[in-house]
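Chains as they are written, first to last, in our numbering: chain W, 1 to 333; chain U, 1 to 333.
All C-beta atoms in this analysis are idealised placements derived from N, C-alpha and C, irrespective of residue type, glycine included.
Note that the structure is a prediction, hence the values are computed from the model and not measured.
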DNA sequence: TTGAAAGCGCTAACAA
DNA sequence: TTGTTAGCGCTTTCAA
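The structure is reproduced here in structure tokens:
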């Protein structure tokens, strides 16, 4: 910057004015400074500026998700980025892979980089350690899962209601023996989905068979194995509700291996890509990652802009996508 | 930091020493400083430190991809992140959506934030404008597509050879009328895949039928429409080579709509999730995003570490995944 | 309309 | 082992 000032024959402050588009600079001066800056390939250093700048904004936010390679998280990320781009904000993305320690590490790393806000998929059981950051004025919005121990905005999918919708749909097609393939119990949303499954069964007057409830599935290989095992039971299920993307794929694989894909009903939570190309086409409880991301970004920027209204809890509804696999009727019914 | 120093009853430099783990601090002093820092919830400001620090490293890299929501890019991103995490580097991710202007904007935004390196999927025809950044010592590695106008490391998929493999495979099953569903011609890799298709046809002594070569497809709806049109031709293709993920899905949809999925052979470039659940199972030329990302990250960090060896061009081979759809024989042959 | 001086939070260089 | 001084690149404040 000093070099630019020297080349343009002006003071350093005038360069600052031109670069930041501040008023009260003569047109000719502006032009000379611009030319000098271009000639020297000058790029302002945002961080140096922020050190002294009144608002101290880094124009950067941090995003913590399960994995940037997870399709749901990736679409949330894209939606957040769109909102951020409009405001010239850059986005740090970090994958936590359900590791509680990674959550704290990531927050610390971003805090040292002075991000203006966080969008976080909580992994730890308790987020009260974040209060320090909130007190410092850095806003945080939780997505996908509710925070515990702090009172902040959150944008979550209606996991409980979505699960009930799935079970109700299967019951409506005559099923009473509905298996549940659940994700890791330490994930809050997985517990919500299980609760929805159980409560809807109860509403329908169906006593859950513990043999049909399998928890802590997280990948498709284990889902395939478990599904095969369930269907080999003396009294097998007539329908399956799988609580997650990869688990759904694993269940379908098992059904195909056994040649039962047209006999056993299946509804998956979270839509699968190419779900309409598999035979039978896959019925699902679809989430809306685009909306989750957009709303979360809007909340965090509202807070950055000084919104101090009470924490908001936004629920994004799921939608039952009827395609075929979920409408297979119960044989005996 | 001054507050911490005061509370601990030491000088400001001693706090700096403790925070950065520098030697020559008495154990007792270290302990006092640590306690004071914890009490005040002190978090060092990396940017302030970098301003004066000798190496000036921001411990941050920038990643530019087509879209963070694209599965290929998302897996590349995850792989880069893994390497970055080992070195306590944070990653900025930006989606370009094939917009050349977005490429320049993103580079400028990251440059102002003083990233230590870039991993870029080039969108513009010419990257020579980046020379300024390279001269300044900030390394850049291109992925997926080769750079033009600058001599930098690149990690690319063997698009040309992969396309030839696909066509050779179809020819080996007796096909001579092989349609090509190409992506946007302004994308370099799309042109490489088209070239591979044409050259392999030529090697097999097959004159390409212009009616079977459709370019500039980018989503599945248009791919579905085009596929339906091709199969309604008086002299339709007996096999299809689709050059991209979404296009492959669109082609499958059309085949299913027409009830021809077991009659027309299909090989797609880039594997599709659930490709083994669709009937017939989808044969594909699989890319290796994990390897692309890891190698790109290793290159950029090697450069950051001072590697000044000549620019390297790394080709990650594709793999033909044989599943069924690509092995449907040609009826007349 | 312009520029000089001070200082943001930190580290380098050097002295004690 | 510790602290002091200067200065990183910039913006603020205030005077010209």
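Rounded straight-line distance, which links the Cα of residue j to that of residue i
i: residue 221 of chain U; j: residue 280 of chain U; result: 21 Å
i: residue 67 of chain W; j: residue 63 of chain U; result: 16 Å
i: residue 290 of chain W; j: residue 53 of chain W; result: 34 Å
i: residue 169 of chain U; j: residue 327 of chain U; result: 8 Å
i: residue 101 of chain U; j: residue 125 of chain U; result: 11 Å
i: residue 242 of chain W; j: residue 144 of chain W; result: 18 Å
i: residue 188 of chain U; j: residue 272 of chain U; result: 21 Å
i: residue 303 of chain U; j: residue 140 of chain U; result: 8 Å
i: residue 300 of chain W; j: residue 108 of chain W; result: 18 Å
i: residue 200 of chain W; j: residue 78 of chain W; result: 34 Å
i: residue 2 of chain U; j: residue 127 of chain U; result: 45 Å
i: residue 87 of chain W; j: residue 93 of chain U; result: 16 Å
i: residue 142 of chain W; j: residue 148 of chain W; result: 10 Å
i: residue 232 of chain U; j: residue 274 of chain U; result: 28 Å
i: residue 218 of chain U; j: residue 195 of chain W; result: 41 Å
i: residue 212 of chain W; j: residue 230 of chain W; result: 7 Å
i: residue 249 of chain U; j: residue 278 of chain U; result: 10 Å
i: residue 238 of chain W; j: residue 324 of chain W; result: 15 Å
i: residue 37 of chain W; j: residue 71 of chain U; result: 40 Å
i: residue 311 of chain W; j: residue 276 of chain W; result: 39 Å
i: residue 10 of chain U; j: residue 16 of chain U; result: 11 Å
i: residue 306 of chain U; j: residue 253 of chain W; result: 49 Å
i: residue 103 of chain U; j: residue 123 of chain U; result: 7 Å
Boundaries of the alpha helix (DSSP H) in which residue i is found, first to last residue
i: residue 178 of chain W; result: Careful: residue 178 of chain W lies outside any alpha helix (DSSP H), inside the beta strand (DSSP E) at 178 to 181.
i: residue 30 of chain W; result: 27 to 39
i: residue 89 of chain U; result: Per DSSP, residue 89 of chain U belongs to no alpha helix (DSSP H) and is neither H nor E.
i: residue 222 of chain U; result: 220 to 231
i: residue 15 of chain W; result: 12 to 19
i: residue 4 of chain U; result: 2 to 8
i: residue 118 of chain U; result: Element bounds for residue 118 of chain U: not the alpha helix (DSSP H) but the beta strand (DSSP E), 117 to 120.
i: residue 314 of chain U; result: Looking at the DSSP string, residue 314 of chain U is not in any alpha helix (DSSP H); the run it does join, the beta strand (DSSP E), is 313 to 316.
i: residue 252 of chain U; result: 245 to 258
i: residue 195 of chain W; result: 188 to 203
i: residue 109 of chain W; result: 100 to 112
i: residue 135 of chain W; result: 131 to 135
i: residue 274 of chain U; result: Per DSSP, residue 274 of chain U belongs to no alpha helix (DSSP H) and is neither H nor E.
Extent of the continuous beta strand (DSSP E) to which residue i belongs
i: residue 343 of chain W; result: This structure gives no information on residue 343 of chain W, because the portion of chain W shown stretches from 1 to 333.
i: residue 319 of chain U; result: 319 to 321
i: residue 153 of chain W; result: 153 to 157
i: residue 242 of chain W; result: 239 to 242
i: residue 413 of chain W; result: Absent from the model: residue 413 of chain W. The displayed extent of chain W is 1 to 333, so no value can be given.
i: residue 265 of chain U; result: 265 to 269
i: residue 61 of chain W; result: 60 to 65
i: residue 141 of chain U; result: 140 to 143
Assigned exposure category for residue i - 16 Cβ within 10 Å defines buried
i: residue 192 of chain U; result: buried
i: residue 89 of chain W; result: buried
i: residue 58 of chain W; result: buried
i: residue 159 of chain U; result: buried
i: residue 288 of chain U; result: buried
i: residue 309 of chain W; result: exposed
i: residue 12 of chain U; result: exposed
i: residue 81 of chain U; result: buried
Residue i beta carbon near the ligand MN (any heavy atom closer than 8 Å)
i: residue 79 of chain U; result: As for the ligand MN, it is missing from this structure, which has no ligand bound.
Residue from the options whose Cα sits closest to the Cα of residue i
i: residue 215 of chain U; options: U:202, U:198, U:204; result: U:198
i: residue 34 of chain U; options: U:25, U:18, U:49; result: U:18
i: residue 61 of chain W; options: W:43, W:111, W:40; result: W:111
i: residue 41 of chain U; options: U:320, U:245, U:4; result: U:4
i: residue 322 of chain U; options: U:282, U:56, U:252, U:129; result: U:282
i: residue 172 of chain W; options: W:12, W:320, W:329, W:6; result: W:329
i: residue 261 of chain U; options: U:244, U:247, U:240; result: U:240
i: residue 97 of chain W; options: W:76, W:69, W:75; result: W:69
i: residue 132 of chain W; options: U:39, U:7, U:22; result: U:39
i: residue 244 of chain U; options: U:284, U:263, U:81; result: U:284
**Q.** Inter-stretch contact at 8 Å, needing at least 3 Cβ pairs: the region 107 to 120 of chain U / the region 283 to 301 of chain U
**A.** yes
(Q) Whether or not the region 266 to 284 of chain U and the region 164 to 181 of chain U are in contact is what I'm after, with contact meaning three or more pairs of Cβ atoms, one per stretch, closer than 8 Å; do they touch? (A) yes
Q | Validate contact between the region 223 to 242 of chain W and the region 171 to 179 of chain W using beta carbons, cut 8 Å, 3 pairs | A | yes
Q) Does the region 146 to 161 of chain W come close enough to the region 310 to 325 of chain W that 3 or more CB-CB pairs lie under 8 Å? A) yes
Q: Decide if the region 200 to 220 of chain W is in contact with the region 14 to 30 of chain U; the criterion is three or more beta carbon pairs, one per stretch, under 8 Å apart.
A: no
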